[in-house]
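**Q** Going by numbering that gives the first Met the number 0, the letters in the sequence shown line up with residues 0 to 265, in that order. C-beta: ideal position from N, C-alpha, C; glycine also. Structure in structure tokens, see below.
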Amino acid sequence: MTTPLVQDLTSGPLDLHASTAHLLELEAVAKSFANGIVILDAISTRIEENTFVSFIGPSGCGKSSLLRIITGLIFPSSGRVLYRGQEVHGVNTKAAMVFQSFALFPWLTVAENVALGLEAQGVPPRQRLRRANKYIDMVGLDGYERAYPKELSGGMKQRVGLARSLTMEPELLCMDEPFSALDVLTAANLREQVLDIWQSEKIVTKTIILVTHSVEEAVFMSDRIMVFANKPGRIVADELIALPRPRKMKSKEVEEVVDHFYSLIV
């Protein structure tokens, strides 16, 4: 099945050395365990600025592992990650992560959880509070600065996680199944909010990489989708989405593109 609503990026060889203007470059990135199991096999791709990219594919195909390699939370077994043309060694300080689990410290308030990364960077207390409050308000939690995680719903907890990442003012935001633990309505509202924030001029972050198991979610949110297969993990499709924004989840055009990507998952 083909559709004019997507554009295939995988035709022809990929010349990773053609330019250093890309935000992110992966050169033959592989990850394996000591027992010989290969999680990722020679992933090579480029990601431009000002794009929303989604990784989709079956469980165990290495999507989340690749996200952690991109942010520097784990290291590849071979290959290189380049950020603005420079090889990444250790944690990428220009990137931030939103996790599937809320990953909040229960003994800290919302404001303290959001400002935690700034404290680790040595930002003065008054500046930490000012910046944390800015992003708390942006994600819709104004008035909850002194609340503790046990007093929040799941959707509110994930908003705290989003605010914490945005407070670091990263150029690249990586999101690992951030909506999967939420109920349907909360997830839909948070997707819309993330897109509104991303498309606004209020944040530094203009590039997002989302890992998701939901093809519908990926098509609704993304400019570009990479489809992964497993055994070993590899990219089997890489396509741009030509749908205008804003998109309606149940529109004929979105459903056509969703069906197309379902046909690519093996």
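Please state the DSSP three-state secondary structure of residue 171.
**A** Residue 171: strand per DSSP, three-state reduction.
**Q** Look at the alpha carbon of residue 233 and the alpha carbon of residue 60, and state the distance between them as a whole number of angstroms.
**A** Going from the Cα of residue 233 to the Cα of residue 60 covers about 7 Å.
**Q** At 4 residues or longer, what runs of the alpha helix (DSSP H) sit wholly inside the region 103-127?
**A** Whole alpha helix (DSSP H) segments, 4+ residues: 109-113, 115-119.
**Q** To the nearest angstrom, report how far apart residue 39 and residue 173 are at their CA atoms.
**A** Distance between the alpha carbons of residue 39 and residue 173: 18 Å.
**Q** According to DSSP, simplified to helix, strand and coil, what is residue 261?
**A** Reduced to three states, the DSSP call for residue 261 is helix.
**Q** My guess is that residue 264 and residue 57 are in contact by the Cβ rule of under 8 Å, so how many angstroms apart are they, rounded?
**A** 7 Å between Cβ atoms; contact.
**Q** Would you say residue 117 and residue 160 are within 8 Å of each other, going by their C-beta atoms?
**A** No, the Cβ-Cβ distance between residue 117 and residue 160 is not below 8 Å.
**Q** According to DSSP, is residue 79 helix, strand or coil?
**A** Three-state result, residue 79: strand.
**Q** Among 37, 135, 51, 155, which residue has its Cα nearest to the Cα of residue 222?
**A** Closest option to residue 222, Cα to Cα, is 51.
**Q** Counting only the same chain and skipping the five closest in sequence on each side, list residues whose C-beta sits under 7 Å from that of residue 177.
**A** For residue 177, where only same-chain residues beyond five positions count, the Cβ hits under 7 Å are 97, 99, 157.
**Q** Determine which residues share a DSSP beta bridge with residue 144 and list them.
**A** Paired residue(s): none; residue 144 is not in a bridge.
**Q** Please state if the CB of residue 242 and the CB of residue 254 are separated by a distance shorter than 8 Å.
**A** No. Outside cutoff.
**Q** Are the region 141-158 and the region 106-125 in contact at 8 Å, needing three or more beta carbon pairs?
**A** In short, these stretches touch, since the Cβ pair count reaches three.
**Q** Tell me the start and end of each unbroken alpha helix (DSSP H) in the region 19-70 that is at least 4 residues and wholly inside, in chain order.
**A** Qualifying alpha helix (DSSP H) stretches, in chain order: 62-70.
**Q** Could you tell me the boundaries of the alpha helix (DSSP H) in which residue 191 lies?
**A** From DSSP, the alpha helix (DSSP H) with residue 191 extends over 183-198.
**Q** Going by other Cβ atoms of all chains shown within 10 Å of its Cβ, with 16 needed for buried, is residue 74 buried or exposed?
**A** Exposed: under 16 other Cβ atoms inside 10 Å.
**Q** Where does residue 254 fall in DSSP's three states?
**A** The answer is helix: DSSP assigns residue 254 an H, G or I state.
**Q** Specify the secondary structure class of residue 154 as computed by DSSP and reduced to three states.
**A** Helix at residue 154.
**Q** Return the CA-CA distance between residue 33 and residue 76, expressed in angstroms with no decimal places.
**A** Taking the straight line joining both Cα atoms gives about 10 Å.
**Q** Of the choices 31, 23, 182, 258, whose alpha-carbon is the least far from that of residue 205?
**A** Of the listed residues, the one whose Cα sits closest to residue 205 is 23.
**Q** From residue 35 to residue 29, what does the alpha carbon distance come to, in whole angstroms?
**A** Their Cα atoms are separated by approximately 12 Å.
**Q** From which residue to which residue does the alpha helix (DSSP H) around residue 339 run?
**A** Outside the displayed range of the chain (0 to 265) lies residue 339, so it cannot be described from this structure.
**Q** Where residue 191 and residue 209 are concerned, what is the direct C-alpha to C-alpha distance, given to the nearest angstrom?
**A** Residue 191 and residue 209: Cα-Cα distance of roughly 14 Å.
**Q** By DSSP, does residue 203 sit in helix, in strand, or in coil?
**A** If DSSP states are grouped into helix, strand and coil, residue 203 belongs with coil.
**Q** In whole angstroms, what separates the C-alpha of residue 64 from that of residue 165?
**A** If I take the Cα positions, the gap works out to 22 Å.
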